[in-house]
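Engineer:
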Amino acid sequence: MEKVEPAMKLSGRKRLGRAHRRLTGAICAVLLALALVAALAPFTLAVAPSFPDVPDTHPHHDAISYLALHQIVDGYVTGEFGPDGEVTRQQFAKMIVLAGGYQVSEADECPFADVLKGGPETLYPDNYVAVCAAKGITTGKTQTTFDPYGNITRHQVISMVVRAADDLQPGLLATPPDDWRATGIWGNDVTHGANAARAEYNSLLQELDLDTLDPTMSMTRGEVARVLYNLMVLLWPETTTTQPAATTVTDPPPPTESTTTTAGCGG
Numbered sequence: 031m032e033k034v035e036p037a038m039k040l041s042g043r044k045r046l047g048r049a050h051r052r053l054t055g056a057i058c059a060v061l062l063a064l065a066l067v068a069a070l071a072p073f074t075l076a077v078a079p080s081f082p083d084v085p086d087t088h089p090h091h092d093a094i095s096y097l098a099l100h101q102i103v104d105g106y107v108t109g110e111f112g113p114d115g116e117v118t119r120q121q122f123a124k125m126i127v128l129a130g131g132y133q134v135s136e137a138d139e140c141p142f143a144d145v146l147k148g149g150p151e152t153l154y155p156d157n158y159v160a161v162c163a164a165k166g167i168t169t170g171k172t173q174t175t176f177d178p179y180g181n182i183t184r185h186q187v188i189s190m191v192v193r194a195a196d197d198l199q200p201g202l203l204a205t206p207p208d209d210w211r212a213t214g215i216w217g218n219d220v221t222h223g224a225n226a227a228r229a230e231y232n233s234l235l236q237e238l239d240l241d242t243l244d245p246t247m248s249m250t251r252g253e254v255a256r257v258l259y260n261l262m263v264l265l266w267p268e269t270t271t272t273q274p275a276a277t278t279v280t281d282p283p284p285p286t287e288s289t290t291t292t293a294g295c296g297g
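Counting with the working numbering, you get residues 31 to 297 for the letters of the sequence shown.
(1) Can you look up N157 in the DSSP assignment and give me helix, strand or coil?
(2) What does the Cβ neighbour count give for P113, buried or exposed, with the cut at 16 atoms within 10 Å?
(3) For the alpha helix (DSSP H) that contains Y231, what are its first and last residues?
(4) Below 8 Å, can you find three or more Cβ-Cβ pairs linking the stretch 141-157 to the stretch 91-105?
(5) Report yes if the CB atom of Y158 is closer than 9 Å to the CB atom of Q120, and no otherwise.
(6) For Q199, which residues from the same chain have a beta carbon less than 8 Å from its beta carbon, with the 5 sequence-adjacent residues on both sides left out?
(7) Give every residue of the same chain whose Cβ lies closer than 6 Å to the Cβ of L330, excluding the five residues on either side of it in the sequence, and list them in chain order.
(8) For N260, name the three-state secondary structure that DSSP assigns.
(9) Could you tell me if G297 is buried or exposed, where buried requires 16 or more neighbouring beta carbons within 10 angstroms of its beta carbon?
(10) Under the assumption that Y96 contacts Y259 (Cβ atoms under 8 Å), give the Cβ distance between them as a whole number of angstroms.
(11) Rank R251, D219, A212 by C-alpha distance to the C-alpha of S233 and give the top, closest one.
(12) Within the same chain, show all residues whose beta-carbon is closer than 7 Å to that of V77, passing over the 5 residues directly before and after it, in chain order.
(13) By a C-beta neighbour count over all protein chains shown, 10 Å radius and 16 as the cutoff for buried, is I215 buried or exposed?
(14) Fully enclosed by the stretch 168-220, which alpha helix (DSSP H) runs are 4 residues long or longer?
(15) Report the residue from D177, C162, E116 whose alpha carbon sits nearest the alpha carbon of V145.
(16) What first and last residue would you give for the alpha helix (DSSP H) that runs through F122?
(17) Just grab the DSSP bridge partners of S135 for me.
(18) Since R184 contacts M247 with CB under 8 Å, what's their CB separation in whole angstroms?
(19) Which value, in whole angstroms, describes the spacing of the CA atoms of L243 and A98?
(20) Pick out whichever of T118, A224, A137 has its Cα sitting closest to the Cα of P206.
(21) Hey, how far is the Cα of Q173 from the Cα of V192?
(22) Where do the N-terminal and C-terminal ends of the alpha helix (DSSP H) with Y106 fall, by residue?
(23) In chain order, what residues of the same chain have a beta carbon less than 8 Å from the beta carbon of H222, not counting five sequence neighbours either side?
This is how it looks when you write it as C-alpha cells:
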C-alpha cells in the first residue's frame, strides 16, 4: 500500500475544515433569516377579507371590511357576506361581545333556559349571551327566555349598543337636549325610543337611512356591521383595536317553535 505523507494529510484536513465552515455559515445565515421573518411576522399588514357581494361602492363596505378584518363578523361558506341577510339574537350577542372586547369563558353562566350550551371550544352561544346579560347589554325577552333564534330588530340592536357603550365607557354618550327629537318614528317606542334618540344624537346611526328604515323590523347584516363599526369608532377613535378572534357565527339547528321576533319587545 502506498504511504501517504503527513503534508498531504494536513492539506486534506484543511480543505475539509474550510468546507465545514462554509456549510456552517450557510446554515447560520438561513437560521438567521428565518428568525428575522418570525420576528417581523406580527408586524405584517393584515388584509381584510374580500366579499364579492360587498363592492367598494356598497354603503357599508368600510364597516364590513373592518369588522371582518378583526374577525367580529364572517362570511358564508360560499365566500359571500350576505349584507342583506338577517341576524339572529344570539349571533348579535356574540358580535357585540367581540366588538366590545369583552372576555368570555365557560364560567359565564347564561340565565336564559332557551339558549343552548356551546361547550369550551366555541363558548357559543350560551357564554356570549351570558356576558351580555351580566353586563346589562340585554334584558332578554323575559327573565328566563332570550329568543335566541329570533331575528334581531333595529330597535333591539340599538338598545344593546347603547347599553354596551354605557358599560364600556360610562358618560361617553351625551344626552340629547330636551328640544331635540329623533328622526321619524325612531324615538317613539316606549322600550327603545330613548336609546334610539341617544344613539342618533351620538352618531351611532351614521350611514343608516333613518327616514326609510323601519326600526321595528329585522336589521340586516350590513346595517349591524355599520352600527358596531360606529360604536368602535366612538369608543376608540384614535387607535385600531385588536379584538379577540372569533369562530364563524353559525347557529345550531333551531327548535321547532316559531323564530319570529316581537317588535319592540326586550333587547
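Idealized CB from N, CA, C, for every residue including glycine. Computed from a predicted model, the values in this text were never measured in an experiment.
Structural biologist: The structure says:
(1) helix
(2) buried
(3) 223-231
(4) no
(5) yes
(6) L265
(7) The structure shown does not extend to residue 330, since the chain is modelled only from 31 to 297, so the question has no answer here.
(8) helix
(9) buried
(10) 6 Å
(11) A212
(12) none
(13) exposed
(14) 184-198
(15) D177
(16) 119-129
(17) Beta-bridge pairing links S135 to no other residue.
(18) 7 Å
(19) 24 Å
(20) A224
(21) 20 Å
(22) It is not in any alpha helix (DSSP H) - Y106 carries neither H nor E in the DSSP assignment.
(23) H185, Q186, I188, S189, P245, G294, G297
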